[in-house]
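Peer 1: Dropping a structure here in structure tokens format, bear with me for questions.
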Amino acid sequence: MKLLRVKPGHGEILLAEGDVDVPEQELELIEAFRRELDAGLWAAVPTASRDGRREAELVKSFDEVPRDAERVIFFPRAAGGATPPAGGLRARTA
Amino acid sequence: MALALGTAAVVFVALLCELGRPWATRTARSLLASWRARREAARRGPAQIPFDPGRELRAEHRARGLLRSCIEPEDWAMYRDLGFLRVWGKLGEETGAGAPYAYLIYPHRPIIAYVPRTGALLNEYCVAFPDQSKPYGSTLLPDSDDVLAKWMALRADERALIKDANMHLPGRQVDPELVRRDLGRLSRWERGRAAQPEGARAA
């Protein structure tokens, strides 16, 4: 399992990687997971539904992460109300 | 008597000076170095980071790779070709392609809700994912990471994301004409994809 975090100016960075079936590595993953959640980030697990559709699941504790998950992606929590940049968004719309 | 006391005082002061000289020298050097460092920092300005003209581009390349690995190949092709992503609403009676409403996700712009059957625009949902750690001075994620964050939040908990977002009528931040034009582009793009043989559609 890999714990990834998306960051401005960088894209994703690898926070931790390990096998959840190895106790020492699982502990490291849990610590890294808690650190990011304590920093106020959201955690999402990319998954696939029964019909194969790609989905995502928000998790609030390491226990909620499926054991077979390959990745957990941390990203900043949502804040309502994006501020339009100078010049306005209307002009920038593609 | 006075002469003896005066001499003793002078000797005592000289002794104190001699003993305190290393400490005084160290303190003076430390203060000087600290003042120089402050002066240098003030000259350079706050949080000077070496200029790297390729940083944002590299970040966006990484973000596109991550987005591509998380969403459907068809959705990736849509984003690659059109610059936005359509996500079907999940709270209606039908889901998937028959859903009564859908969203358009643009990078760093509000999420647009619309009715696929008629093309009518419903709302703008203003939502952002600001990273307050500002590793390079900005809170903005790379474009594709912003799209991924919106996509994951919508797919995982559509109701919560919409509840937290600031809702506005269409036209508040994104020109409705441009959205309609994008819906037209999407429609043409889908027709074009449908006309292609299966193998040629590979993203």
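Each protein sequence line maps, in turn, to chains R and L.
For the first sequence, position 19 matches number 19 in my numbering, and the numbering has no gaps at all.
Adding 1000 to a residue's 1-based position in the second sequence gives its number in my numbering.
All residues carry an ideal CB built from backbone N, CA and C; glycine is no exception.
1. Go through its chain and collect everything with a Cβ distance to alanine 48(R)'s Cβ below 7 Å, but skip five positions before and after it.
2. Is it true that the region 1149 to 1160 of chain L meets the region 1075 to 1090 of chain L, where meeting means three or more beta-carbon pairs spaced less than 8 Å apart?
3. Is the region 1171 to 1179 of chain L touching the region 1107 to 1117 of chain L, taking contact as three or more C-beta pairs under 8 Å?
4. Under the DSSP definition of a beta bridge, which residues are partnered with tyrosine 1235(L)?
5. Along chain R, which residues have their Cβ under 8 Å away from the Cβ of methionine 1152(L)?
6. Classify glycine 1184(L) as helix, strand or coil using the three-state DSSP reduction.
7. How about alanine 69(R) and leucine 58(R): do their beta carbons lie closer than 8 Å?
8. Bridge partners of cysteine 1126(L), per DSSP?
9. Can you tell which of Glu12(R), Gly11(R) and Arg5(R) has its C-alpha closest to the C-alpha of arginine 35(R)?
10. Count the CB pairs spanning the region 12 to 29 of chain R and the region 1067 to 1081 of chain L that are closer than 8 Å, and state whether there are at least three.
11. Alanine 79(R) CB to nearest chain L CB: under 8 Å?
12. Using a C-beta cutoff of 8 Å, does proline 66(R) count as contacting chain L?
13. Find the residues of chain R that neighbour tyrosine 1136(L), judging by a C-beta separation of less than 8 Å, and give them in chain order.
14. Between aspartate 1081(L) and isoleucine 73(R), what straight-line distance do the alpha-carbon atoms span, to the nearest angstrom?
15. How big is the Cα-Cα spacing for tyrosine 1103(L) and tryptophan 1035(L)?
16. Let me make sure I understand the geometry here. Which of Gly52(R), Arg77(R) and Glu31(R) has the alpha-carbon closest to that of leucine 15(R)?
17. Look at proline 46(R) and arginine 71(R) and say whether their C-beta atoms are less than 8 Å apart.
18. Quick one, which residues of the region 1110 to 1143 of chain L are near chain R if we go by CB-CB under 9 Å, in chain order?
19. Whose C-alpha, out of Arg1117(L), Lys1150(L) and Ser1144(L), is nearest the C-alpha of valine 1127(L)?
Peer 2: Walking through what the data contain:
1. Arg54 and Glu55
2. yes
3. yes
4. The requested residue 1235(L) does not occur in the structure, where chain L is confined to residues 1001 to 1203.
5. Ala44, Pro46, Ala56, Leu58, Ile73 and Phe75
6. helix
7. no
8. Asn1166(L)
9. Arg5(R)
10. no
11. yes
12. no
13. Pro8, Gly9 and His10
14. 25 Å
15. 56 Å
16. Glu31(R)
17. yes
18. Pro1110, Tyr1125, Cys1126, Val1127, Ala1128, Phe1129, Pro1130, Asp1131, Gln1132, Ser1133, Lys1134, Pro1135, Tyr1136, Gly1137, Ser1138, Thr1139, Leu1140, Leu1141 and Pro1142
19. Lys1150(L)
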